[in-house]
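A.B. asks:
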Amino acid sequence: MEVNLPPHVLGFLGSAVKNLPQGVELEASEISDTLALLTLRADAQVAGDKLHSGQYDKLRTYTSFSPFHSAKHSELSFLGFQTAEFALPIRAYDTSLNFTYFSRPGFVRPHTFSPLFIYSKSTCCLLAPLDSFHEQVLLADKGHLKWGWNGDLEALPPSFSSTLAVIVSNTTRAALAKWGCLLRQRGCLRSSLQRYKGAVLSYLTYWTDNGAAYWYRREKGLSISDSLVKTISGIERANIPVGAVEIDSWFYPHEKSRDVSEIGYLHIVPPTGMLRWEPRRDVLDEGQLQALRLRLQNKPLIFHSRHISSKSSYVEEWKNERWWITGDRAHPQGDGLFRKWMSDAKSWGASTYEQDWMVEVWLGVRDLRAEAGRIRKWQKQLDDAAKAEGLHLIWCMSTPADMMTASTLEQIISVRSCDDYRYAQDASILWRWHLTTSHIIGTLGFCPFKDVFMTHKNESGMVDIDGDPNAELEACLAVMSAGPVGIGDRLGRTDADIVWKCCRADGMIIKPDYPMTALEYSMRNDKGLLWGETHIGGWQYILAVRTGIKSENDPNNDVCRTEVLKMQKGEHRLVYDWRQKSACVRSELTASLRLHEWKLWVMCPVWKGGEGKDEVRCSVIGDVSKFATMGDKRFTIDRTLSAYKKDEALDICAVQSETVVTSGDMSWTECEQLGEGLQLTVIGCAGEVVDVCYWDERGGMCSESVTIPTGGEQMLCMQHDEKNGRMVLNRM
1 MEVNLPPHVL GFLGSAVKNL PQGVELEASE ISDTLALLTL RADAQVAGDK
51 LHSGQYDKLR TYTSFSPFHS AKHSELSFLG FQTAEFALPI RAYDTSLNFT
101 YFSRPGFVRP HTFSPLFIYS KSTCCLLAPL DSFHEQVLLA DKGHLKWGWN
151 GDLEALPPSF SSTLAVIVSN TTRAALAKWG CLLRQRGCLR SSLQRYKGAV
201 LSYLTYWTDN GAAYWYRREK GLSISDSLVK TISGIERANI PVGAVEIDSW
251 FYPHEKSRDV SEIGYLHIVP PTGMLRWEPR RDVLDEGQLQ ALRLRLQNKP
301 LIFHSRHISS KSSYVEEWKN ERWWITGDRA HPQGDGLFRK WMSDAKSWGA
351 STYEQDWMVE VWLGVRDLRA EAGRIRKWQK QLDDAAKAEG LHLIWCMSTP
401 ADMMTASTLE QIISVRSCDD YRYAQDASIL WRWHLTTSHI IGTLGFCPFK
451 DVFMTHKNES GMVDIDGDPN AELEACLAVM SAGPVGIGDR LGRTDADIVW
501 KCCRADGMII KPDYPMTALE YSMRNDKGLL WGETHIGGWQ YILAVRTGIK
551 SENDPNNDVC RTEVLKMQKG EHRLVYDWRQ KSACVRSELT ASLRLHEWKL
601 WVMCPVWKGG EGKDEVRCSV IGDVSKFATM GDKRFTIDRT LSAYKKDEAL
651 DICAVQSETV VTSGDMSWTE CEQLGEGLQL TVIGCAGEVV DVCYWDERGG
701 MCSESVTIPT GGEQMLCMQH DEKNGRMVLN RM
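Residue numbers (full-length UniProt numbering): 1 to 732.
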């Protein structure tokens, strides 16, 4: 039966046909000419055999759309986020809807996705759920786009409904902002973005997860505890404070546990479920765990957890919790075990509990999918148990639905945004994944975690575990995520120069105001350079990276790709080239990059100092030793003087040879008069020396060296010096 849809929806989705069992109705309401809501509602008890198909991505209750019949069909492309770990971005380049799905031996992931962007030449359409995030799905089927309830559902609570928002906008960011507003109206997004909530978000951290030096590894002749203590003590002897330490899955027993072996690169660790969430006696018994924390000077700990094995003794020991069991997986219905775990974690010195392998919980335990609301109940149980103990949570290997459900909870501080460090075929796959998925995570109110990284740059002859040739870029991406910054170097390999670009002398991370995300051009196009953007007040940070699979002795490694980002209407901006350490007035940004090369620019607000013939344009660039030069943990400033437009709507204007020309609305307000001067406060540790970089059009770049006094703050004022006609920074 055909469905009457609003015209703006038809322009992207084409005709719609519903396939609904008795007792389920579809409601379509046009809120405005750019917003429609589609609601599936079960008004009566629906028989389970009318709902479930026995296959998650084979729907029985759905509405089918035909994008190939839409008015814009010839220009449409699609970007979805698969029901897979870390919300894998997947693309279809035309209305045939031939997506490339997640594929990994031994892992099965359904061919479903949510949310979904549909791009035309000048606008985009976002299909995004507003509730029942795990139950409703989107999928492509022979050129048709289907939306409905997953095929594993067997039971619904009374008056169950699912609502999908269809949002049409000029840009990805505007569409996501509207989605965020709709979620907030429905009681989601329980908290605003909290970049500095707890030690894990605030300070440099040390990690032992996959990709780090001590993931199931130890130094020769040392235990893993000794390896960690020696490494972290060495880092701190170099005056680099470590705020928290992550203890990964090597600390508790699995159905198939792997030995903690001497240093070297690992074979795959079996992804089997945990047997018990307590220290392994052959690695780190409970007494050793308590001793380890003391040796780490009582630093807050982050403890990893995963899905439960059906062979776990918990199944019998906690039988009153009532268990669902599917094959080698088990899951309790009650919350008693989770409350015990959080209590144990607190007693071990935890500040944070990391729930990993979330996709395996959802897809691995059939009964969690059989009735609507069960998976959310489990996640709410974790949240409540963590809250009772004053712990924070991190979601890892989460599906898009897990991420969206997190927006209804209270204790989650960060969500992993891409696959494990060094796990992909090429590191640049993860960079694009991270900046794309960060759009979703940031909209939901969280700071993404891009995962651990190594700070030491590889040198000729060094083995893989000793460093990373992309260390500086990995550090930059971590800082610009506004989330955790976690290093994982082995003993003696931490590069202090890289670390100090991330943080102050006390280890406090200097961050942007919002997670860096892919620009509109890169959301629409995965073949060109990867462009990212974030901001700190009126300072805009633009990143360009050449992604692609790099192989040894491949001549394509040295072939440059050039793209030009032009400012709209020929406007000129003060641009600081972070890597070249130079500043000039520009009307465009040019990136000519070989594989894995990158550039970072800071686009600075400009003011007018002086009067009449002495008038001079000027700006503050900040602490250029840091990636986030004007971060609010380094400077406070009168932000009313630096307002700017966030909606940068980038579009491809022309493609010539290897040059892609883009333009966008990155305009600032007209230069404002400073009057008596621009006041700013430099923040740091007593005795810390900060070189404050500033610029004026007569003298170019200058810097003022400031030693932070007792109290941690030094006030400055940028004023016009009538004697030399230039701007100067004076202490107040």
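Glycine included, C-beta positions come from ideal geometry on N, C-alpha and C.
Since this is a predicted model, take the numbers as computed values, not measurements.
1. Give me, in chain order, the residues of the same chain whose beta-carbon lies closer than 7 Å to that of Gly11; leave out the 5 immediate sequence neighbours on both sides.
2. Quick check on DSSP: helix, strand or coil for Met397?
3. Going by beta-carbon coordinates alone, are Met630 and Trp500 separated by less than 7 Å?
4. Check Asp721 in the structure and name its three-state DSSP category.
5. Quick one: Cα of Pro6 to Cα of Lys377, how far?
6. With a Cβ-Cβ cutoff of 7 Å, do Gly48 and Glu135 count as a contact?
7. Quick one: grab the DSSP three-state call for Pro7.
8. Our contact map puts Leu20 next to Leu26 with C-beta atoms below 8 Å; I'd like the distance itself, whole angstroms only.
9. Output the distance between the C-alpha atoms of Ala427 and Ala372, rounded to the nearest integer angstrom.
10. How far does the beta strand (DSSP E) with Lys146 in it reach, from first residue to last?
11. Kindly give me the distance between the Cβ atoms of Pro515 and Cys447, rounded to whole angstroms, as I take these residues to be in contact under 8 Å.
12. Quick check on DSSP: helix, strand or coil for Pro129?
13. Per DSSP, what are the beta-bridge partners of Phe113 in this structure?
14. Comparing alpha-carbon positions, which option in Thr437, Lys346, Ile240 and Met404 lies nearest Gly507?
15. Out of Thr208, Leu127 and Ser705, which one is the CA nearest neighbour of Gly180?
16. Assuming Cys604 contacts Leu565 (C-beta within less than 8 Å), just tell me the rounded distance between them.
17. As an exercise, report each continuous beta strand (DSSP E) stretch of at least 3 residues that is fully enclosed by the segment 397-471, in chain order.
18. Determine the extent of the beta strand (DSSP E) in which Ser582 is found, giving its start and end residues.
19. Closer than 8 Å is the cut-off here; do at least three beta carbon pairs connect the segment 217-234 with the segment 490-498?
20. Would a C-beta distance cut-off of 7 Å place Ser64 and His8 closer than the cut-off?
21. Identify every residue that forms a DSSP beta bridge with Tyr576.
22. Report, in whole angstroms, the separation of the C-beta atoms of Ser114 and Tyr93, which I expect to be a contact under 8 Å.
23. Taking all protein chains shown into account, decide if Asp554 is buried (16 or more other Cβ within 10 angstroms of its Cβ) or exposed.
24. Here's the rule: buried if 16 or more other CB atoms are within 10 angstroms of the residue's CB, otherwise exposed. What is Asp402?
25. Compare the C-alpha of Asp356 against each of Arg173, Lys387, Leu296 and Ser414 and name the closest.
26. Among residues of its own chain, excluding the 5 on either side of Leu382, which ones have a beta-carbon nearer than 7 Å to its beta-carbon?
27. Quick one: Cα of Asp43 to Cα of Gly287, how far?
28. Quick check on DSSP: helix, strand or coil for Met358?
29. With DSSP run on the structure shown, which of helix, strand or coil describes Cys476?
30. Is it right to say Thr163 is buried, meaning 16 or more other beta carbons lie within 10 angstroms of its own, or is it exposed?
31. Kindly identify the DSSP beta-bridge partner or partners of Cys702.
32. Which class does Thr172 belong to by DSSP, given the choice of helix, strand or coil?
33. What's the gap between the Cα of Gly334 and the Cα of Ala385?
34. Starting from Gln290 and walking both ways along the alpha helix (DSSP H), at which residues does that stretch end?
35. Have a look at Trp348 and Leu292 and give me their C-alpha separation to the nearest angstrom.
36. For the 8 Å Cβ check, are there 3 or more pairs between the segment 721-728 and the segment 685-693?
C.D. replies: Working from what's here:
1. Excluding its 5 nearest sequence neighbours in each direction, Gly11 has C-beta neighbours in its own chain below 7 Å: Ser70, Ala71 and Lys72, listed in chain order.
2. In the structure shown, the three-state DSSP call for Met397 is coil.
3. Taking 7 Å as the Cβ cut-off, Met630 and Trp500 do not qualify as a contacting pair.
4. Of the three classes helix, strand and coil, the one that applies to Asp721 here is strand, per DSSP.
5. Distance between the alpha carbons of Pro6 and Lys377 is about 35 Å.
6. Their beta carbons are not under 7 Å apart, which means Gly48 does not touch Glu135 by this criterion.
7. Collapsing the DSSP output to three states places Pro7 in a helix.
8. The beta-carbon separation of Leu20 and Leu26, rounded to 6 Å, stays under the 8 Å limit for a contact.
9. For Ala427 and Ala372, the distance between alpha carbons rounds to 38 Å.
10. Per DSSP, the unbroken beta strand (DSSP E) holding Lys146 starts and ends at His144 to Trp149.
11. With a Cβ gap of about 6 Å, Pro515 and Cys447 count as contacting.
12. Secondary structure of Pro129 (DSSP, three-state): strand.
13. DSSP lists Gln82 and Leu138 as partners of Phe113.
14. Minimum Cα distance to Gly507 is reached at Ile240.
15. It is Leu127 whose Cα lies nearest to the Cα of Gly180.
16. Not quite, the Cβ-Cβ distance comes to about 16 Å (not below 8 Å), so this is no contact.
17. Counting whole runs of 3 or more residues, the segment 397-471 contains the beta strand (DSSP E) stretches 412-416 and 447-449.
18. Unbroken beta strand (DSSP E) run through Ser582: Ser582 to Arg586.
19. In short, these stretches touch, since the Cβ pair count reaches three.
20. The answer is no: Cβ separation not under 7 Å.
21. Note: Tyr576 is bridge-paired with Ala583 and Val602 in the DSSP secondary-structure output.
22. That pair is no contact at about 20 Å.
23. Under this definition Asp554 is an exposed residue.
24. Asp402 sits buried, since 16 or more C-beta atoms from the chains shown fall within 10 Å of its C-beta.
25. Ranking Arg173, Lys387, Leu296 and Ser414 by Cα distance to Asp356 puts Ser414 first.
26. Sequence-distant partners of Leu382 (beyond 5 residues in either direction) whose C-beta falls short of 7 Å from its own C-beta, in its chain, are Phe338, Gln355 and Leu393.
27. Their backbone Cα atoms lie some 56 Å apart in a straight line.
28. Helix.
29. DSSP places Cys476 in helix when its eight states are reduced to three.
30. Buried is the call here.
31. Looking at the DSSP assignment, Cys702 forms a beta bridge with Tyr694.
32. In the three-state DSSP reduction, Thr172 falls in the helix class (H, G or I).
33. Cα-Cα distance, rounded: 12 Å.
34. That run of the alpha helix (DSSP H) goes Glu286 to Arg295.
35. Distance between the alpha carbons of Trp348 and Leu292: 10 Å.
36. No, the segment 721-728 does not touch the segment 685-693.
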